[in-house]
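Enquirer: Pasting in a structure now, in structure tokens, and then I'll have a few things to ask.
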Amino acid sequence: MTKSKYLAAGAIAAAVLATGAFVCAKNLTEYFERRQQRKQVEGFVKKIFGDSDRVQSILDKLSDEDVASLLRVSDKLRSLKDSASEYAGSAREQGMATLDRLKSALNR
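Here the sequence shown stands for residues -25 to -1, 1 to 83, numbered as in mature numbering (1 follows the signal peptide of the UniProt record, and there is no 0).
Pasting the structure below:
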């Protein structure tokens, strides 16, 4: 009977330790994700505004949710810029092809 009590206590202790480790790992992961997001936003803002102390102090006051929102906005802007570049390149190619066809039709 005593052995089973020790086994039960050991199992409970192991479960508590595993739960604690899981919670700590989750909190650490979230912490490092927030730090990475903040660094990405700082880089994005630094590209636009340069190395300004005033802008940096504003960024320091932002909440983690605000930083995540800014990061989503910058991702959307980057995506729009890429789409616009692709469209502009495609439109230019189509325009050149049309000019080439027009030139060849006029030369006949």
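Even for Gly, the Cβ is constructed at its ideal location relative to N, Cα and C.
Does the region 12 to 29 come within contact of the region 37 to 57, defined as at least 3 CB pairs closer than 8 Å?
Expert: Yes: at least three Cβ pairs fall under 8 Å.
Enquirer: What's the call for VAL(-3), buried or exposed, on a 16-neighbour Cβ count within 10 Å?
Expert: Exposed is the call here.
Enquirer: Quick one: what's got a C-beta closer than 6 Å to SER49's C-beta in the same chain, skipping five residues either side?
Expert: PHE19.
Enquirer: Do the CB positions of VAL16 and PHE24 come within less than 8 Å of each other?
Expert: Going by C-beta atoms, VAL16 is not nearer than 8 Å to PHE24.
Enquirer: Mapping DSSP to helix, strand and coil, what is SER27?
Expert: Reduced to three states, the DSSP call for SER27 is coil.
Enquirer: Taking 8 Å as the threshold (C-beta atoms), are ASP39 and ARG76 in contact?
Expert: The answer is no: Cβ separation not under 8 Å.
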